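See below for the structure under consideration.
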Amino acid sequence: LVGWLSWSESFYRGMALLVAASPCALALGTPATVLAAIARAAREGVLFKGGAHLENLGNVKAIAFDKTGTLTVGEPSVTDLIPSAGVSVAELLGVAAAVERKSQHPLARAVVRRAESDKVSEPTAVGELQSVTGKGVRASVDGKNVSIGSPKLWSDVPLPISEAADILGNQGKSVMAVREDERWLGVIGVADTPREGVKATLDRLRELGVKPLVMLTGDNRGVGEAVGRSVGVDEVRADLLPEDKVKAINELMPEDKVTVVKELVARFKSVAMTGDGVNDAPALANATVGIAMGGAGTAVALETADVALMGDRLDRLPFAVGLARQASSVIRQNLYIALGVIALLVVATVTGYAKIGIAVVFHEGSTLVVLANALRLLRYP
Numbered sequence: 051l052v053g054w055l056s057w058s059e060s061f062y063r064g065m066a067l068l069v070a071a072s073p074c075a076l077a078l079g080t081p082a083t084v085l086a087a088i089a090r091a092a093r094e095g096v097l098f099k100g101g102a103h104l105e106n107l108g109n110v111k112a113i114a115f116d117k118t119g120t121l122t123v124g125e126p127s128v129t130d131l132i133p134s135a136g137v138s139v140a141e142l143l144g145v146a147a148a149v150e151r152k153s154q155h156p157l158a159r160a161v162v163r164r165a166e167s168d169k170v171s172e173p174t175a176v177g178e179l180q181s182v183t184g185k186g187v188r189a190s191v192d193g194k195n196v197s198i199g200s201p202k203l204w205s206d207v208p209l210p211i212s213e214a215a216d217i218l219g220n221q222g223k224s225v226m227a228v229r230e231d232e233r234w235l236g237v238i239g240v241a242d243t244p245r246e247g248v249k250a251t252l253d254r255l256r257e258l259g260v261k262p263l264v265m266l267t268g269d270n271r272g273v274g275e276a277v278g279r280s281v282g283v284d285e286v287r288a289d290l291l292p293e294d295k296v297k298a299i300n301e302l303m304p305e306d307k308v309t310v311v312k313e314l315v316a317r318f319k320s321v322a323m324t325g326d327g328v329n330d331a332p333a334l335a336n337a338t339v340g341i342a343m344g345g346a347g348t349a350v351a352l353e354t355a356d357v358a359l360m361g362d363r364l365d366r367l368p369f370a371v372g373l374a375r376q377a378s379s380v381i382r383q384n385l386y387i388a389l390g391v392i393a394l395l396v397v398a399t400v401t402g403y404a405k406i407g408i409a410v411v412f413h414e415g416s417t418l419v420v421l422a423n424a425l426r427l428l429r430y431p
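Read in the numbering used here, the sequence shown has 59 at position 9, and its numbers run on one by one without any break.
Take a look at the structure:
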C-alpha cells in the first residue's frame with residue numbers, strides 16, 4: 051500500500067494478518083479450562099458457583115474450619131447430666147429437651163435424642179425459641195423463662211455451675227447450663243467425635259502449601275484445644291462468637307467468627323472458610339472463598355458459600371484445591387500458547403513468510419491445542 055507491494059499482494063497479506071491476529075484461542079482458553087474444571091469437580095461432589103471462585107480457591111494460602119459438623123461428625127451425644135441440688139436428672143433433661151426440640155443445632159439434637167432414648171417426659175407448653183447467637187437459646191416453658199447455653203450467656207453463674215462447666219470443658223466436652231427463671235437446673239456435657247480421615251485431609255492440604263489451618267469454635271478453650279490436637283490443626287481459636295470468626299479470617303487474609311475471618315484475610319490476603327451452620331454464614335461471606343458442607347450444612351450456609359462439598363466429603367477439599375491450582379496453571383499455559391502463536395503468525399504474515407493458508411492452519415491448530423489442553427482437566431488428577 052505504500053509502494054513496495056502491489057495492491058493485490060497487500061490485500062492478501064492484510065487478509066492473512068487478520069486471520070493471524072484473530073484471538074480465537076485466546077478467547078477460548080480460559081472459559082474452556084474453567085468449564086472443564088467445574089465439570090470435573092462436580093463429578094467428585096464439589097460444586098463451584100462460578101469460575102471466579104475456582105480461581106480464588108487456587109490462590110488460597112490459609113483455611114479456617116468451623117469445628118462442629120466440619121472437623122467433627124456433627125452428631126454429638128450427651129455424656130454428662132449434672133443436676134443442681136434438689137433437681138432430678140429427669141427434670142434437667144426434660145426441660146432442656148423441650149426447649150432444644152425447637153432448635154436445629156447439633157448440640158440441641160443431641161439433647162433431644164438423649165431425652166427420647168431415656169423416655170423422659172417433657173413439658174408441652176413451650177413458647178417461641180429465641181436464639182442468642184453463639185451463646186445459647188431462650189424459651190418460655192410452662193410460663194417460666196428457660197435459658198440454655200454456654201455459661202458466658204449469663205453474668206451471674208454460681209460457683210457449682212461454673213466448676214462443673216470447667217471440669218467438663220477440660221475433658222474436651224461442650225457445656226450447656228440450664229436455668230429456669232432464677233433457678234439453676236444443672237449442667238449438660240456433650241461430646242462430638244472427629245470426622246474419619248480428617249487428619250489425613252489436613253496433611254494433604256499442607257502438602258499443597260495451604261498453611262496455617264485454623265479451627266474456629268464457640269466452645270471454651272479446653273474443648274477447642276482437645277479437638278484441635280486430635281485432628282491436627284495449626285491454630286485453635288476458641289470462645290468465638292460469629293463476628294469473631296470473621297475477624298480471624300480477615301487476619302489470615304458469626305460475631306467473633308467474623309472478626310477472626312477478617313483477621314486472617316489481613317494476614318494472608320486469600321483465605322477460605324469452611325463451615326456448615328447458620329452462625330458460620332457471616333464468616334463464609336467475609337472469606338475470600340466460602341466452603342459449605344453440602345450434606346449437613348444449613349440452607350443459609352449453602353446460600354452464602356461459594357463452593358459446596360456434597361455428601362459431607364471433607365476429604366474432597368484437597369482435591370478441590372489441587373484442581374483449582376491445576377486449572378490456574380492450564381489457563382496460563384493456554385495464554386502463552388495463544389499469544390505465542392499470534393505473535394509468530396503476525397510477524398510471519400507481515401514479512402510474507404506465511405501465506406493465508408498457513409495462517410489459517412496454524413490459527414485453527416492453536417485453537418485446537420488450547421481446547422485439548424483445557425480438556426485434560428477432565429482426567430484430573
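Even for Gly, the Cβ is constructed at its ideal location relative to N, Cα and C. Keep in mind that this is a model prediction, so the values were computed, not measured.
- Query: Which word fits Gly239, buried or exposed, when buried means at least 16 other C-beta atoms lie within 10 angstroms of its C-beta?
  - Reply: buried
- Query: For Val170, which three-state DSSP category applies?
  - Reply: coil
- Item | Per-residue DSSP class, three states only, for Ser224 | strand
- Task: Classify Leu179 as helix, strand or coil using the three-state DSSP reduction.
- Result: coil
- Lys99 versus Gly282 - alpha carbon distance: 29 Å
- Just to confirm, are Ser320 and Asn109 a CB contact at a threshold of 7 Å? yes
- Please determine, among Leu107, Ile387, Leu428, Ile211, the residue with the shortest C-alpha to C-alpha distance to Leu418. Ile387
- Message: Using only the alpha-carbon positions, how far apart do Val52 and Gly407 sit?
- Response: Residue placement at Val52 cannot be trusted, given a pLDDT of 46 that sits under 50; the coordinates are not used to answer.
- Item | DSSP bridge partner residues for Met360 (one or two, in chain order) | Beta-bridge pairing links Met360 to no other residue.
- Task: Going by DSSP, name the residue or residues bridged to Glu230.
- Result: Val196, Arg233
- Message: Is it buried or exposed, Thr267, if we count other Cβ atoms within 10 angstroms and call 16 or more buried?
- Response: buried
- Item | Residue environment, Gly205, which counts as buried when at least 16 other CB atoms sit within 10 Å | In the sequence under discussion, the amino acid at residue 205 is Ser, which differs from the Gly named in the question. Per the 10 Å Cβ criterion, exposed.
- Query: If we count Cβ pairs, one from each stretch, closer than 8 Å, do we get three or more for the stretch 368-382 versus the stretch 118-129?
  - Reply: no
- Sort Gly64, Ala86, Arg63 by Cα distance to Ala377 and report the nearest one. Ala86
- Message: Among the candidates Val170, Arg363, Pro262, Glu59, whose CA atom is the shortest distance from the CA of Val139?
- Response: Val170
- Task: Would you list, in sequence order, the uninterrupted alpha helix (DSSP H) runs of no fewer than 4 residues that lie entirely inside the stretch 86-133?
- Result: 101-108
- Task: Provide the residue span of the beta strand (DSSP E) that contains Ser190, from first to last.
- Result: 186-191
- Task: Can you tell me which of Ala75, Val149, Lys185, Val311 puts its alpha carbon nearest to the alpha carbon of Glu172?
- Result: Val149
- Query: Leu389 and Ala409: beta carbons closer than 7 Å?
  - Reply: no
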